[in-house]
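Take a look at the structure below.
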Amino acid sequence: MNRYTLTLVGEKESPSLPGLTGSLAPTTALASGVTSPATPSAEHGSAEQCPLADPSEARDALGRGVGVRTEGFSAVSKRGQGHRGVRGLGVPNLTLCLSQAVLGARNSGAWRGLRTAASAQAASQSQAQDVRVEGAFPVTMLPGDGVGPELMHAVKEVFKAAAVPVEFKEHHLSEVQNMASEEKLEQVLSSMKENKVAIIGKIYTPMEYKGELASYDMQLRRKLDLFANVVHVKSLPGYKTRHNNLDLVIIREQTEGEYSSLEHESARGVIECLKIVTRTKSQRIAKFAFDYATKKGRSKVTAVHKANIMKLGDGLFLQCCEEVAELYPKIKFETMIIDNCCMQLVQNPYQFDVLVMPNLYGNIIDNLAAGLVGGAGVVPGESYSAEYAVFETGARHPFAQAVGRNIANPTAMLLSASNMLRHLNLEYHSSMIADAVKKVIKVGKVRTRDMGGYSTTTDFIKSVIGHLHPHGG
1 MNRYTLTLVG EKESPSLPGL TGSLAPTTAL ASGVTSPATP SAEHGSAEQC PLADPSEARD
61 ALGRGVGVRT EGFSAVSKRG QGHRGVRGLG VPNLTLCLSQ AVLGARNSGA WRGLRTAASA
121 QAASQSQAQD VRVEGAFPVT MLPGDGVGPE LMHAVKEVFK AAAVPVEFKE HHLSEVQNMA
181 SEEKLEQVLS SMKENKVAII GKIYTPMEYK GELASYDMQL RRKLDLFANV VHVKSLPGYK
241 TRHNNLDLVI IREQTEGEYS SLEHESARGV IECLKIVTRT KSQRIAKFAF DYATKKGRSK
301 VTAVHKANIM KLGDGLFLQC CEEVAELYPK IKFETMIIDN CCMQLVQNPY QFDVLVMPNL
361 YGNIIDNLAA GLVGGAGVVP GESYSAEYAV FETGARHPFA QAVGRNIANP TAMLLSASNM
421 LRHLNLEYHS SMIADAVKKV IKVGKVRTRD MGGYSTTTDF IKSVIGHLHP HGG
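Per full-length UniProt numbering, the sequence shown starts with residue 1, numbered consecutively.
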């Protein structure tokens, strides 16, 4: 099996920072896709050069035969395994041909309740099989708790209808459903390390202390070094909120800070919790934020902190942000205390562009900002390390009270899945799915309860599938 690596795609080389080079450099995480070790010339045409009169005669850009099977909306490729996902090698070309053929054929007491419903879910999940497509991109899928399995079902149904060349390797890890163990955790980690890309639901963390302070969710982030969480908060056309036309990005360091799992009872009735802040990780997340702003054409980065009170911990974080900012003279840099930031987001969120902050503040701001554009059901998120990319909802909310009721909003997860496809260089499929989701919301006939409607999750999925159409044809 080929080993894939993340590569930075951009015209300008990122400024270097002393002590922050090599495998530690966060710019690696800003990859736009996955490439194979071999990278031939990019002269093999674009997605626009893909007329497909007869699917049986389809050829990729290297002239290799491609067999297309339209029934069941699946596609089987006969191409070699050495060039999957290489930009300019005809993979967008190939997937466009496949999808046009397939779509052408088609177009003719909350947690107690969760535990009760979870047993039925677990029974069906234990029999679930991986979605297998020959020559497809392998992606680890972790449904998680709450409505996570229902949202993943939405992703699989839409991917099937859109003939997305992705093969899901599904695993189940849950502290609520008694499906968590060190062995299962290692299986999930092994899958993520092998595939490099994952899509996950929220893994709920019980409040009861059972001897282990670090949740499985936190352990996944640490062991994969998923240091950067990115949440793009953007208004959806056709869905009015208090503040419309918002477009801001929240970047959160999520491997240290208050979520260190270092707590102890120093005396009876006295608990001490340690907040860890390091220069290396503070510089790394700051550099990631400025690299992100540079690559995405953003003009300002705001560092959010509480250095007026936590003078050493947040003081170090703020100092690192200021040092990194000097390397990016074209990006405006501001600082803001966390409590004032919360108020400013509610009063005038338009002043923000990219915000970078430590762990706990990012968790709070993610949810606050999601509420500005429609809530947890509509905001996608993603997390990066130097090697891995994990896609999830922006506001990590399991929505336990909705389990089994067919009312969850799949928008955030579908948009996150679309972002995942863009990361894999499957631009055609990414745009097709994102456009379909946004079209459903803009038309306004199908709205789940969190958006003021009465449509079911199933209604939303069917409507999205109904709005899928070929791009670039």
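Glycine included, every Cβ here is placed at the ideal spot set by N, Cα and C.
In the three-state reduction of the DSSP assignment, Ser418 falls in the helix class. Of the candidates Glu387, Glu258 and Lys156, Lys156 places its Cα closest to the Cα of Leu142. His305 sits in a strand when the DSSP states are folded into three classes.
Here Ala395 is not near Thr457, since their CB atoms are 8 Å or more apart. Burial state of Cys273 is exposed, judged by a 10 Å Cβ sphere holding fewer than 16 other Cβ atoms.
In the three-state scheme derived from DSSP, where H, G and I count as helix and E and B as strand, Phe137 is classed as strand. Under a 10 Å Cβ-count criterion, Ser299 is classified as exposed, with fewer than 16 other Cβ atoms of the shown protein chains found around its own Cβ.
Judged by their CB atoms, Lys281 and Glu256 are nearer to each other than the 8 Å cut-off.
Each of Gly269, Pro329 and Ile271 was checked against the Cα of Thr294, and the nearest Cα belongs to Pro329.
Collapsing the DSSP output to three states places Tyr384 in a strand. Burial state of Ser190 is exposed, judged by a 10 Å Cβ sphere holding fewer than 16 other Cβ atoms. Assigned with DSSP and collapsed to three states, Ser463 falls in helix. Taking 8 Å as the cut-off, the beta carbon of Val301 is found closer than this to the beta carbon of Val356.
Residue pairing by DSSP places His232 opposite Val249 in a beta bridge. For Glu334, the enclosing beta strand (DSSP E) stretches over residues Lys332 to Ile337. By the C-beta density criterion, Ser418 is buried, having at least 16 other C-beta atoms within 10 angstroms. One alpha carbon belongs to Leu262, the other to Ile271, and they sit about 10 Å apart.
Contact check for Gly238 against Gly444 passes: the beta carbons are separated by less than 8 Å. Taking every protein chain shown into account, the CB of Ile309 has fewer than 16 other CB atoms within 10 angstroms, so this residue is exposed.
In this structure, the beta-carbon distance from Pro398 to Lys202 falls below 8 Å. A straight line joining the alpha-carbon of Glu387 with that of Lys196 spans about 7 Å. Here the alpha carbons of Gly146 and Arg405 stand approximately 11 Å from one another.
Assigned with DSSP and collapsed to three states, Leu355 falls in strand. Remark: C-beta atoms of Pro358 and Phe317 approach each other more closely than 8 Å. Between Gly362 and Arg222, the C-beta gap is not smaller than 8 Å, which leaves the two residues out of contact. Between Leu372 and Leu185, the C-beta spacing is not below 8 Å.
For the options Val354, Leu414 and Leu426, the alpha carbon positioned closest to that of Cys321 is the one of Val354. Between Thr393 and Met413, the C-beta spacing is below 8 Å.
Cβ contact annotation for Leu368 (same chain, cutoff 8 Å, sequence separation greater than five): Cys342, Leu345 and Val346, in chain order. In this model, Val249 and Lys193 are separated by some 27 Å (Cα to Cα). With 16 or more neighbouring CB atoms inside 10 Å of its own CB, Lys287 falls in the buried class. In the DSSP assignment, Ser455 falls outside any beta strand (DSSP E) and carries neither an H nor an E. Rounded to whole angstroms, Gly452 and Lys234 show a C-alpha spacing of 19 Å. Collapsing the DSSP output to three states places Ser191 in a helix. Check the Cα spacing between Val464 and each of Leu360, Ala267, Ala161 and Ala289: the tightest is with Ala161.
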